[in-house]
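Written below as C-alpha cells is the structure these notes are about.
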C-alpha cells in the first residue's frame, strides 16, 4: 500500500518526462495518437477513462520508441484473474487509486496497469482508433453549441481549440489549465491538432513547469473538471427546452394542471451542496444534509432557503450576532454552470436582496465580470499576469459572458414566474427583505459608483421621508427637512460605505422612518456618564462628562476597546501597572433603566464580557434592539472595530492578585537600591490589589508587604519617607510588634553603646604621652590574650 508521500514522489519524478514531451512534441503525445487511454478491464471500459493525474502517467508511456496504438489498459490483478500472460518487454504504469478504508477515511494506493498490447494472450481484437472523421467534428461542435459557445459547423480543429481555450479563460482558468482544457477536448473527441506549429506552452511556461512540479498536475485536474461540465451540459439542453415549453403550454391551457407544470419546471437547475457551517433548513424545518445533489424544484427550494438564511444572517449581524457562516456549493442552470464548488458566505446578500432568485442569480453570477468592466485596477491585475492579453479583450469577453448568462437565465425567470404563482408560501419567503444600508448621492457621482456597492435605487418622489446626513461620511448630524433633492438618488447597499475602499465615495447616510424613530430614541434616551478621579495615588477633583445618542455608543465602545486591549497586555505580562491609570466611574442608562454602573481602571478587565448589559437588555426590548441596530449601521456594520468591541461578550481572564503580586516581587531591586526605588517597588506590588482603590489602602498594603519581607520598622519608615504624601499614621509603631527577646537584645546593645561613649570621654582627658602608654599596654594585653588562646 502506498502513501501520499509515495504518490507525490512519483509525480516529482514524472514531471521532467512530462516537460520533455511537451518540448519535443508540443503536447503530451507523439503525432497520430487519437483518443484517450481507458480501463480496458472494467465492465464498461470506454466509460471510465483514466483521467487527471493518471492521464499524465499513461501518456508518458508513449514516445518514439514505445507507441501503443490500443488505448486500453488493464490492472495487473484483473490480468491475473483472467490468466493473461505478460510479454517479457511489458512496461507497467503506476496508477493512482483512492479508496475508503474501514474507518471511512480515504486511503491512497498505486496500482500497476499494463497496455493490452503487452499481453501474449489478450483475447480481444486490437482496436484500430481513427480520428478526424465528420462525426467526430459534429460531436465536438455539438457540445460547444450546447454550452453556448458560438462556433461554425464548418469549424476545424484550430477554431475548436481556440474556442474552448477562450471559454476556459472566461471561466477563470489560467495560462496552463486553459490550453490543457482545449487539448483534452480535442483528444476526447478524437480530433488532431498541429502542436508542432502551435505548441500548448511557450518556452517561458515550460521553464515554469520544469521548476514547479505541481503546476501541470493542477492544470490537468482543472481542465478535466471543466471538460466534464462541458460534456454534461449536452444532456441537459433538450430536457430544458422541453420542460419550459410544457410548462408554458400547461399555463396557457389549464390552470388546474398543477402536477404537469410543477414537474416540468426547473429541470435544468442543479445545485451541488457540499457543506454549510450554519444549518440550512427547508420549508419543513429539516436540515439539508452535506454532500447532496439537487435538481428541479428541490434545487429551487434549496436556493430559496439559502437566500432566506442569507438575509437572516445579515440582519443578525446588525443585532451583533456573529458566527461561522460559510457555505460550499455549485449552481448550474441550462448552459450556464459553475465548473467547481465555490465558498459563499451567509450575510453577504449573495442574491442582492432580490425577491426573484433568477434575477439574484443573474446579478450574482455576473458580479465579477461587471466589476472587471467598471474597475480598471482589476483589469490591470489580470494584464500583469497574462502578457499578450489586452484591456479591450478583457472588457469584450466580460460583456459577452454577461450577455450569455443573462440569456440563459431568461428561461429561469419564466419558470420562476409560473412556479411562484403556484407556491405563494415560497414567494413570501423570497419577498422578505434584509435591513440594508441606505445612502444618498448626487446623480452625477452615482453614475461612477461600482455596481458591487449597489443593491437597488430609489428616485424622488419614490421616497420622500428620508432623513439625510448633513455631511458626506458623517453620521452625527443630519440636515433639516426630509426627502431628496432634485439632483440626488437614494440607494441600498449590502456593505457600509464609510470604511475600506468605499470611504472616499461622496455618499450621505440616510435614515428611513423606522431608523429615524430609533435614532430619536437613541438621542433622547441613551446616556453615558463618565466620572474621572485620576490615578489612585495621584487623585484629583472629580471631572464628569455626559454623552448622549451615537456619541454615547462611540465613547463606551472606545472605553471597552481600551480596557480589552490593556487587559490582554496585563494577562500577557502577568501584572498591571496602575501608577498612572485613571480611576473612572461609568454609568450607562436607557431612559430610566440603568444598564451598567461600573467603577473601573483601564486594564482591570471590568468592562470586558457583557458587563455593560447592552446585548441582554436589547434582547428583552424591541425598542432598544432597534436603537442598537441603527447604531451598528451608522458605525459601519458589525465588523467595525468599535462595534466588535462593544458586542464582544468574552471576558478577559487575568491572573489573580497573588500571581500578579508575586510576579512584581520577583523583580526585587538589589541590596544597594535607594529607598525611593524600594518605595516604588512595594507600591507597584501593592497596586496589584484591585480592592485597593484609595491611596490609604495602597499605603497600608505597602506596609504589610514590607513587614512580610522582614524589614525593620526604621527601614519601613525610611522607605515611606521618600513619598511626601505617605500617611505617618499608617507606619507601625516602634516596639509595637517586637518580642520580649528582641527588646532585651535591643536594650543590651544600647547599654554597650553607652559604655563605649563613656570610655571615649575618659580617654580624651589624658595627655598624649599617657594615651600612647595606655595604648602600648592595651596592645600587650591583647597579644598575651591571643597567646593564651593558642
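Residue numbers (the UniProt record's numbering): 1 to 790.
Even glycine gets a Cβ: it sits at the ideal position worked out from N, Cα and C.
Exercise. Among residues of its own chain, excluding the 5 on either side of residue 420, which ones have a beta-carbon nearer than 8 Å to its beta-carbon?
Worked result: 426, 427 and 430
For this session: Reducing DSSP to helix, strand and coil, say where residue 9 ends up.
Result: helix
For this session: Note down the Cα distance separating residue 171 from residue 453, rounded to an integer number of angstroms.
Result: 23 Å
Exercise. How would you write the range of the alpha helix (DSSP H) that residue 407 sits in, first residue to last?
Worked result: 391 to 422
Exercise. In three-state terms, what does DSSP make of residue 793?
Worked result: With the chain running from 1 to 790 in the structure shown, residue 793 is simply not present.
Exercise. With a Cβ-Cβ cutoff of 7 Å, do residue 325 and residue 347 count as a contact?
Worked result: yes
For this session: Can you tell me the Cβ-Cβ gap for residue 356 and residue 413, rounded? I've got them flagged as a contact below 8 Å.
Result: 7 Å
For this session: Ignoring anything shorter than 3 residues or poking outside the segment 85 to 172, list the beta strand (DSSP E) runs there in chain order.
Result: 93 to 100 and 106 to 115
Problem set entry | Through-space distance from residue 569 to residue 601, alpha-carbon basis | 14 Å
Exercise. Between the Cα of residue 277 and the Cα atoms of 228, 440, 365 and 327, which residue gives the shortest distance?
Worked result: 327
Problem set entry | Residues near residue 678 in its chain [Cβ-Cβ closer than 7 Å; skip 5 each side] | 669 and 719
Exercise. So, residue 595 versus residue 617, is the Cβ gap smaller than 7 Å?
Worked result: yes
Exercise. When DSSP builds the beta bridges, which residues end up paired with residue 657?
Worked result: Beta-bridge pairing links residue 657 to no other residue.
Exercise. Do you know how far the Cα of residue 74 is from the Cα of residue 45?
Worked result: Since pLDDT at residue 45 reaches only 38, below the 50 mark, its modelled position is unreliable, and the value read off the structure follows with that caveat. Those two C-alpha atoms are separated by around 10 Å.
Problem set entry | Segment limits, alpha helix (DSSP H) that includes residue 554 | 550 to 573
Problem set entry | residue 309 - DSSP class collapsed to helix/strand/coil | helix
Exercise. Using the beta-carbon count (16 or more within 10 Å), is residue 791 buried or exposed?
Worked result: What is shown of the chain runs 1 to 790, which leaves residue 791 out entirely.
For this session: Buried or exposed for residue 363, please, with buried defined as at least 16 other CB atoms from any protein chain shown within 10 angstroms of its CB.
Result: buried
Exercise. What residue from 98, 374 and 265 has the CA that sits closest to residue 416's CA?
Worked result: 265
Problem set entry | Cβ contact check for the segment 657 to 668 and the segment 678 to 694: 3 or more pairs under 8 Å | yes
Exercise. What beta strand (DSSP E) runs, 3 residues minimum, are completely inside the segment 467 to 546?
Worked result: 488 to 493, 508 to 511 and 526 to 535
For this session: Whole angstroms is fine: what's the gap from residue 794's alpha carbon to residue 358's?
Result: Missing from the structure shown is residue 794; the chain here goes from 1 to 790 and no further.
For this session: Note the first and the last residue of the continuous beta strand (DSSP E) segment covering residue 598.
Result: 593 to 601
Exercise. Hey, would you say residue 296 sits closer than 7 Å to residue 408, going by beta carbons?
Worked result: no
Exercise. Distance, Cα to Cα, residue 582 vs residue 535?
Worked result: 4 Å
Exercise. Taking the DSSP output, what are the residues bridged to residue 584?
Worked result: 532 and 600
For this session: Can you say whether residue 545 is buried or exposed, counting buried as having 16 or more other CB atoms within 10 angstroms of its CB?
Result: exposed
Problem set entry | Extent of the continuous beta strand (DSSP E) run through residue 331 | 326 to 333
Problem set entry | Rounded straight-line distance, which links the Cα of residue 118 to that of residue 43 | Low local confidence applies: a pLDDT of 45 at residue 43 is under 50, so the model's placement there is unreliable, and no value is given.
Exercise. What whole-angstrom Cβ distance do residue 487 and residue 442 have, given they're in contact under 8 Å?
Worked result: 6 Å
Exercise. Where residue 661 and residue 632 are concerned, what is the direct C-alpha to C-alpha distance, given to the nearest angstrom?
Worked result: 40 Å
Exercise. Could you give the distance in angstroms between the alpha-carbon of residue 340 and the alpha-carbon of residue 226?
Worked result: 8 Å
For this session: Determine the DSSP secondary structure at residue 271, reduced to helix, strand or coil.
Result: strand
Exercise. Any idea what DSSP makes of residue 652, helix, strand or coil?
Worked result: coil
For this session: Keeping to the same chain, check which residues put their C-beta closer than 8 Å to that of residue 610; ignore five residues upstream and five downstream.
Result: 616 and 649
Exercise. How long is the line joining the alpha carbons of residue 128 and residue 144, rounded to whole angstroms?
Worked result: 27 Å
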